[in-house]
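Student:
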Amino acid sequence: MGGNKMELKNVAFIGRTYEEYMAMFDLEEKIFTRGGPVLDCPAGPSSFTAEACTRGCQATACDILYTGGLYDLTLRELETRGRQDLAVIGQKLEGISHLFRWGYYGDKEGHMGHRNAALSRFLADYRDGVKKGRYVHAELPRLPFADRSFALVLSSHFLFLYGDRLSPGFHAESLKEMSRVSSGEVRVYPIQGLDAKPYPHMDVVLKLLELGGIRAEIRPTPFEFFRGANRMLVLKAG
Ligand SMILES: C[S@@+](CC[C@H](N)C(=O)[O-])C[C@H]1O[C@@H](n2cnc3c(N)ncnc32)[C@H](O)[C@@H]1O
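Below, the structure written as structure tokens:
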């Protein structure tokens, strides 16, 4: 095993913690306590929503695998899928550790510790969260939310990362939709692919956004795991 790319057959159902979201998106807690509702899109088994809600933030998570859609996975099926994908990621990391900066996590165990903690926290919150509308089925490039429902939309480890299989048109349509449901910013991280290289069609996507009247900028973030992944895309409300 080795190489210069994280080879993944499917979009992984793995998640990050609240702490990682704060670092990746360069956020301060006051943005939640003083701001409005936040959408995590797509959220997978991230514990961001569960943890943010306990801190008084009104957070919502959406994902294609949440209950209500075509897949309609049970809690147990989500757990199985999450644990299988974590095992795959753990294995794949072995051969490509040179693609990463380990400062934030320390080592592979530290990294997997965050992944496992996120999954457990997500699973513990999911059933109650579905009943209360915190976990919502959604299939990009469409979102089942009204215009300007959220003060901030966060999108991590989906668009751009899987740019080898999602078209520039899909990226632009998904970003336009995130922008539609936000009254503030949309932040997207990372903007590199599974080969750790910058997304090759960013100019096309930015042009399509501009044609749709959406202002976008690339902004630095102090977080970096994939080497060079220290920038995020930020869309601003028109
Ligand atoms: C790698 S996970 C990222 C989860 C989370 N944002 C994080 O960083 O912790 C990517 C997620 O995208 C979801 N997904 C894939 N295609 C989707 C689509 N068309 N619409 C909504 N979610 C999708 C997958 O189910 C998966 O949970």
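Those letters in the sequence shown? Residues -7 to 230, by this note's numbering.
Quick reminder that beta carbons are idealized off the backbone N, C-alpha and C, glycines included.
Model, not experiment: these values are computed from the prediction.
1. Closest to residue 55 by CA distance: which of 122, 102 and 68 is it?
2. Who sits around ligand 1, taking every residue whose Cβ is closer than 5 Å to one of its heavy atoms?
3. Determine the contact status of residue 191 and residue 152, defining contact as a CB-CB distance below 8 Å.
4. Evaluate contact between the segment 74 to 81 and the segment 146 to 163, counting only Cβ atoms and requiring at least three cross-stretch pairs below 8 Å.
5. By the DSSP assignment, the alpha helix (DSSP H) with residue 167 in it spans what residues?
6. Please determine, among 143, 6 and 222, the residue with the shortest C-alpha to C-alpha distance to residue 113.
7. For residue 22, which option in 180, 50 and 199 has the closest C-alpha, if you only look at C-alpha atoms?
8. Let me check understanding here. Comparing Cα to Cα, which of 46, 106, 168 and -1 lies closest to residue 132?
9. Since I believe residue 143 is in contact with residue 29 (beta carbons under 8 Å), could you give me their beta-carbon distance rounded to a whole number of angstroms?
10. Here's a check: name, in chain order, each residue in its chain whose Cβ is nearer than 7 Å to the Cβ of residue 103, leaving out the five neighbours to either side.
11. Secondary structure at residue 81, three-state DSSP: helix, strand or coil?
12. First and last residue of the beta strand (DSSP E) that includes residue 246?
13. Just to confirm, are residue 24 and residue 47 a CB contact at a threshold of 8 Å?
14. Assign residue 163 to one of two classes, buried (16 or more other C-beta atoms within 10 Å of its C-beta) or exposed (fewer than that).
15. Using CA coordinates, which residue listed in 145, 127, 91 and 59 is at the minimum distance from residue 13?
16. Run through DSSP, which three-state label would residue 42 get?
17. Give the DSSP-derived three-state secondary structure of residue 52 in the structure shown.
18. Going by DSSP, which residues form a beta bridge with residue 234?
19. Secondary structure at residue 62, three-state DSSP: helix, strand or coil?
20. Shortest alpha-carbon distance to residue 229 belongs to which of -3, 176 and 95?
21. Which runs of the beta strand (DSSP E) spanning at least 3 residues fall entirely within the segment 2 to 42, listed in chain order?
22. According to DSSP, is residue 177 helix, strand or coil?
23. Whole angstroms are fine: how far does the CA of residue 15 sit from the CA of residue 59?
24. On the DSSP letters alone, give me the boundaries of the beta strand (DSSP E) that residue 146 sits inside.
Tutor: Taking the coordinates as given:
1. 122
2. 3, 4, 5, 7, 8, 34, 36, 38, 55, 56, 57, 131, 132, 148, 149 and 150
3. yes
4. no
5. 160 to 172
6. 6
7. 50
8. 168
9. 6 Å
10. 97
11. helix
12. Residue 246 cannot be examined here, being either before or after the span of the chain that is shown, -7 to 230.
13. yes
14. buried
15. 145
16. helix
17. strand
18. Past the boundaries of the shown model lies residue 234; the chain is included only from -7 to 230, so the question cannot be answered.
19. coil
20. 176
21. 30 to 32
22. strand
23. 29 Å
24. 142 to 148
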